[in-house]
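Here's the structure we're looking at; comments come further down.
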Amino acid sequence: MLQLNIIRRIKSITTSIRLEINLSKKLEKATYDLHREKSWIISKAIRIYLKQLENSDLAKEAKRQPLLASKENNPDTNLWLKHNEESWLDEWK
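Numbering (full-length UniProt numbering), first residue to last: 1 to 93.
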């Protein structure tokens, strides 16, 4: 119970990232233009990216499920499934 209460109180964590110089300069300009902190801009960008990734994954899964359920040994189905598995894996390399 104590551990759960501690977790509930944590609203954010600190992390560090390495940015390309060009990206860092753009971030500095955005902080000035928007009158926001770097952490706010970075958090917002990560939220947007993860939401897009989630939506993309949901769309892929929505297409994949009927193909798997059809149980047809269709070469096009197998090709689509193989291609999407490989492209997903490539994104994480």
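Glycine is no exception: its CB is placed at the ideal position from the N, C-alpha and C atoms.
Assign residue i to one of three DSSP states: helix, strand, or coil.
i, result
"Ile41", "helix"
"Ile46", "helix"
"Ser12", "coil"
"Glu20", "coil"
"Arg64", "helix"
Using the C-alpha atoms, what's the distance from residue j back to residue i?
i, j, result
"Glu37", "Thr31", "6 angstroms"
"Thr15", "Asp57", "26 angstroms"
"Leu19", "Glu28", "12 angstroms"
"Pro66", "Asn55", "18 angstroms"
"Ile48", "Glu61", "20 angstroms"
Determine the closest residue to residue i out of the options, with distance taken between C-alpha atoms.
i, options, result
"Ile17", "His35, Arg64 and Ser39", "Ser39"
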